[in-house]
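Student: Quick one: the structure is below, and I'll ask about it shortly.
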Amino acid sequence: MSNRLYLFNASRKLRREVISKALEPICQVKELDVREVEDCRDIIEPFVEAAFNPARGQAHGQKVLDSLHSTRVFGQELGDDGKLIIIDRDLYSDYATNWCFGGFCPVSNSLGYILLSTARISDETLGEHIVRHELGHMFGAPSEGRTNTVDILGLHCSNNLCTMQQQLSVPEALRYAHRIKSAGIFPFCEQCVEDMRRYRPPERV
134 MSNRLYLFNA SRKLRREVIS KALEPICQVK ELDVREVEDC RDIIEPFVEA AFNPARGQAH
194 GQKVLDSLHS TRVFGQELGD DGKLIIIDRD LYSDYATNWC FGGFCPVSNS LGYILLSTAR
254 ISDETLGEHI VRHELGHMFG APSEGRTNTV DILGLHCSNN LCTMQQQLSV PEALRYAHRI
314 KSAGIFPFCE QCVEDMRRYR PPERV
(Lines of atoms letter the chains of each structure in order from A and count residues from 1; the text may use other names and numbers.)
(Lines give C-alpha, C1' and ligand atoms only; values in the text may rest on other atoms or scores of the structure.)
Protein backbone atom coordinates (compact mmCIF):
# COMPACT_ATOMS: atom_id res chain seq x y z
CA MET A 1 0.00 0.00 0.00
CA SER A 2 1.21 3.50 -0.82
CA ASN A 3 2.05 5.72 2.15
CA ARG A 4 2.05 8.90 0.04
CA LEU A 5 -0.56 11.60 0.50
CA TYR A 6 -0.64 14.46 -2.01
CA LEU A 7 -2.06 17.72 -0.69
CA PHE A 8 -3.75 20.01 -3.20
CA ASN A 9 -4.69 23.06 -1.13
CA ALA A 10 -6.55 25.22 -3.65
CA SER A 11 -8.21 27.15 -0.82
CA ARG A 12 -7.49 30.79 -0.07
CA LYS A 13 -9.08 30.33 3.35
CA LEU A 14 -7.53 27.31 5.09
CA ARG A 15 -3.92 27.81 6.10
CA ARG A 16 -1.30 25.10 5.61
CA GLU A 17 -0.57 25.17 9.35
CA VAL A 18 -4.15 24.08 10.09
CA ILE A 19 -3.83 21.13 7.72
CA SER A 20 -0.50 20.18 9.33
CA LYS A 21 -2.17 20.13 12.77
CA ALA A 22 -4.93 17.92 11.39
CA LEU A 23 -2.32 15.50 10.06
CA GLU A 24 -0.28 15.20 13.28
CA PRO A 25 -2.35 12.50 15.04
CA ILE A 26 -2.77 10.56 11.79
CA CYS A 27 1.02 10.51 11.37
CA GLN A 28 1.34 9.09 14.88
CA VAL A 29 -0.77 6.13 13.79
CA LYS A 30 0.29 5.71 10.13
CA GLU A 31 3.66 6.33 8.50
CA LEU A 32 2.83 8.98 5.91
CA ASP A 33 4.83 10.73 3.22
CA VAL A 34 2.91 14.00 2.76
CA ARG A 35 3.74 15.95 -0.39
CA GLU A 36 2.21 19.36 -1.02
CA VAL A 37 1.56 20.36 -4.64
CA GLU A 38 2.40 24.06 -4.90
CA ASP A 39 0.37 26.50 -7.01
CA CYS A 40 -2.35 23.92 -7.57
CA ARG A 41 -5.34 26.25 -8.05
CA ASP A 42 -4.83 26.32 -11.81
CA ILE A 43 -4.94 22.50 -11.77
CA ILE A 44 -8.01 22.07 -9.57
CA GLU A 45 -10.28 25.05 -10.24
CA PRO A 46 -11.23 24.19 -13.87
CA PHE A 47 -12.62 20.84 -12.67
CA VAL A 48 -14.56 22.56 -9.89
CA GLU A 49 -16.03 25.14 -12.25
CA ALA A 50 -17.02 22.42 -14.75
CA ALA A 51 -19.06 20.76 -11.97
CA PHE A 52 -20.62 24.05 -10.82
CA ASN A 53 -24.42 24.28 -10.80
CA PRO A 54 -25.39 27.98 -11.16
CA ALA A 55 -28.96 27.31 -10.00
CA ARG A 56 -27.63 26.02 -6.67
CA GLY A 57 -24.50 28.14 -6.41
CA GLN A 58 -22.62 24.93 -5.60
CA ALA A 59 -20.36 22.38 -7.27
CA HIS A 60 -21.25 18.67 -7.40
CA GLY A 61 -18.53 16.97 -5.37
CA GLN A 62 -18.62 13.57 -7.07
CA LYS A 63 -18.48 15.13 -10.52
CA VAL A 64 -15.32 16.99 -9.51
CA LEU A 65 -13.68 13.76 -8.36
CA ASP A 66 -14.85 11.72 -11.34
CA SER A 67 -13.39 14.30 -13.72
CA LEU A 68 -10.08 14.43 -11.84
CA HIS A 69 -9.82 10.64 -11.68
CA SER A 70 -10.33 10.38 -15.45
CA THR A 71 -7.12 12.35 -16.09
CA ARG A 72 -3.74 10.71 -16.62
CA VAL A 73 -2.12 12.53 -13.69
CA PHE A 74 -4.74 11.71 -11.06
CA GLY A 75 -5.98 8.37 -12.33
CA GLN A 76 -2.65 6.86 -13.37
CA GLU A 77 0.48 8.71 -12.22
CA LEU A 78 -0.92 9.22 -8.69
CA GLY A 79 -3.09 6.13 -8.94
CA ASP A 80 -2.46 4.39 -5.62
CA ASP A 81 -1.54 7.50 -3.62
CA GLY A 82 -3.93 9.45 -1.42
CA LYS A 83 -5.19 12.78 -2.72
CA LEU A 84 -6.42 15.48 -0.32
CA ILE A 85 -8.05 18.32 -2.27
CA ILE A 86 -9.28 21.46 -0.50
CA ILE A 87 -11.37 24.11 -2.27
CA ASP A 88 -13.44 27.15 -1.34
CA ARG A 89 -16.54 26.45 -3.49
CA ASP A 90 -19.59 25.16 -1.64
CA LEU A 91 -20.39 21.51 -2.43
CA TYR A 92 -23.44 19.30 -2.71
CA SER A 93 -23.92 15.58 -3.30
CA ASP A 94 -26.60 13.12 -4.43
CA TYR A 95 -27.40 12.29 -0.82
CA ALA A 96 -30.41 13.88 0.85
CA THR A 97 -28.51 16.99 1.90
CA ASN A 98 -28.52 20.58 0.73
CA TRP A 99 -24.76 20.83 1.14
CA CYS A 100 -21.75 18.89 2.36
CA PHE A 101 -18.31 19.66 3.73
CA GLY A 102 -17.07 17.14 1.17
CA GLY A 103 -16.01 13.60 1.80
CA PHE A 104 -13.84 10.60 1.12
CA CYS A 105 -14.10 8.66 -2.15
CA PRO A 106 -12.51 5.18 -2.02
CA VAL A 107 -10.74 3.73 -5.05
CA SER A 108 -9.68 0.07 -5.32
CA ASN A 109 -5.96 -0.56 -4.66
CA SER A 110 -5.57 3.10 -3.71
CA LEU A 111 -5.80 5.41 -0.73
CA GLY A 112 -8.46 7.27 -2.73
CA TYR A 113 -9.57 10.89 -2.68
CA ILE A 114 -10.72 13.43 -0.15
CA LEU A 115 -12.47 16.54 -1.46
CA LEU A 116 -13.24 19.23 1.12
CA SER A 117 -14.91 22.63 0.88
CA THR A 118 -14.11 25.50 3.25
CA ALA A 119 -17.33 27.37 2.34
CA ARG A 120 -19.07 26.51 5.63
CA ILE A 121 -16.00 26.21 7.83
CA SER A 122 -16.26 29.14 10.22
CA ASP A 123 -13.02 28.79 12.16
CA GLU A 124 -9.71 26.95 12.09
CA THR A 125 -10.60 24.49 14.85
CA LEU A 126 -13.52 23.26 12.76
CA GLY A 127 -11.33 23.17 9.65
CA GLU A 128 -8.74 21.05 11.44
CA HIS A 129 -11.48 18.72 12.72
CA ILE A 130 -13.12 18.21 9.31
CA VAL A 131 -9.79 17.48 7.59
CA ARG A 132 -8.89 14.98 10.31
CA HIS A 133 -12.32 13.31 10.16
CA GLU A 134 -12.05 12.63 6.42
CA LEU A 135 -8.46 11.41 6.79
CA GLY A 136 -9.80 8.95 9.35
CA HIS A 137 -12.18 7.62 6.69
CA MET A 138 -9.32 7.39 4.19
CA PHE A 139 -7.51 5.08 6.60
CA GLY A 140 -10.50 2.87 7.38
CA ALA A 141 -12.04 4.31 10.53
CA PRO A 142 -14.47 3.13 11.66
CA SER A 143 -14.27 -0.37 10.23
CA GLU A 144 -17.21 -2.52 9.13
CA GLY A 145 -18.45 -5.02 11.68
CA ARG A 146 -16.95 -3.52 14.83
CA THR A 147 -18.84 -2.27 17.87
CA ASN A 148 -19.74 1.34 18.69
CA THR A 149 -20.64 2.45 15.19
CA VAL A 150 -23.72 4.07 13.66
CA ASP A 151 -24.77 4.50 10.03
CA ILE A 152 -25.42 8.22 9.52
CA LEU A 153 -24.51 9.31 6.00
CA GLY A 154 -22.06 6.41 6.03
CA LEU A 155 -20.46 4.47 8.86
CA HIS A 156 -19.33 6.57 11.83
CA CYS A 157 -18.06 6.04 15.35
CA SER A 158 -20.33 6.50 18.37
CA ASN A 159 -17.57 6.76 20.99
CA ASN A 160 -17.62 10.04 22.92
CA LEU A 161 -15.12 12.69 21.81
CA CYS A 162 -13.86 10.64 18.88
CA THR A 163 -13.20 12.60 15.70
CA MET A 164 -15.05 9.93 13.72
CA GLN A 165 -18.45 10.83 15.16
CA GLN A 166 -20.81 12.37 12.59
CA GLN A 167 -22.39 15.78 13.18
CA LEU A 168 -25.31 16.81 10.97
CA SER A 169 -25.11 20.60 11.07
CA VAL A 170 -22.40 23.25 11.04
CA PRO A 171 -23.21 24.45 14.60
CA GLU A 172 -23.09 20.86 15.90
CA ALA A 173 -19.77 20.21 14.14
CA LEU A 174 -18.33 23.47 15.46
CA ARG A 175 -19.32 22.72 19.06
CA TYR A 176 -18.02 19.17 18.83
CA ALA A 177 -14.67 20.24 17.34
CA HIS A 178 -14.16 22.68 20.21
CA ARG A 179 -15.19 20.05 22.79
CA ILE A 180 -12.46 17.71 21.52
CA LYS A 181 -9.90 20.51 21.50
CA SER A 182 -10.84 21.66 25.03
CA ALA A 183 -10.59 18.11 26.36
CA GLY A 184 -6.91 18.00 25.40
CA ILE A 185 -7.10 14.31 24.50
CA PHE A 186 -5.95 12.27 21.52
CA PRO A 187 -8.68 12.99 18.95
CA PHE A 188 -9.40 9.36 17.96
CA CYS A 189 -10.78 6.62 20.20
CA GLU A 190 -8.79 3.42 20.72
CA GLN A 191 -11.04 1.48 18.34
CA CYS A 192 -10.56 3.95 15.49
CA VAL A 193 -6.80 4.05 16.12
CA GLU A 194 -6.70 0.26 15.77
CA ASP A 195 -8.85 0.46 12.61
CA MET A 196 -6.37 2.87 11.03
CA ARG A 197 -3.34 0.83 12.04
CA ARG A 198 -4.76 -2.31 10.44
CA TYR A 199 -6.26 -0.70 7.33
CA ARG A 200 -5.45 -1.87 3.81
CA PRO A 201 -7.30 -0.49 0.75
CA PRO A 202 -9.82 -2.85 -0.88
CA GLU A 203 -8.35 -4.83 -3.74
CA ARG A 204 -9.71 -4.61 -7.26
CA VAL A 205 -11.82 -7.67 -8.14
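Letter by letter, the sequence shown follows residues 134 to 338 of the working numbering. In this text, a Cβ means the ideal position worked out from N, Cα and C, and glycines have one as well. Quick caveat: nothing in here was measured; it's all calculated off a predicted structure.
Under 9 angstroms, do L244 and G215 count as touching if we go by C-beta distance?
Tutor: Yes, they are a contact pair.
Student: Is it buried or exposed for E267, if we count other Cβ within 10 angstroms and need 16 for buried?
Tutor: Label assigned to E267: buried.
Student: Could you compute how far the alpha carbon of T296 sits from the alpha carbon of L138?
Tutor: About 20 angstroms.
Student: Could you have a look at G215 and say whether DSSP puts it in helix, strand or coil?
Tutor: G215 falls in the strand class under three-state DSSP.
Student: Quick check on L147: buried or exposed, where buried means 16 or more other Cβ atoms within 10 Å of its Cβ?
Tutor: Buried: at least 16 other Cβ atoms inside 10 Å.
Student: For D223, count the other beta carbons within 10 Å of its own beta carbon; 16 or more makes it buried, fewer makes it exposed. Which is it?
Tutor: Buried, by the Cβ-count rule.
Student: Who are the near neighbours of I285 in its chain, counting only those whose CB is closer than 6 angstroms to its CB and skipping five residues on each side?
Tutor: Answer for I285: Q299, listed in chain order.
Student: Does DSSP put V338 in a helix, in a strand, or in coil?
Tutor: Bear in mind that the predicted position of V338 carries a pLDDT of just 47, short of 50, making it too unreliable to give a figure here.
Student: Going by the DSSP bridge assignment, what does I263 pair with across the sheet?
Tutor: DSSP lists no partner for I263.
Student: Here's a check: name, in chain order, each residue in its chain whose Cβ is nearer than 6 angstroms to the Cβ of F141, leaving out the five neighbours to either side.
Tutor: Answer for F141: V170, C173, I177 and I218, listed in chain order.
Student: To the nearest angstrom, how far is it from the Cα of L248 to the Cα of G194?
Tutor: Computed Cα separation, rounded: 7 angstroms.
Student: What's the gap between the Cα of P320 and the Cα of E257?
Tutor: Whole-angstrom Cα-Cα distance: 16 angstroms.
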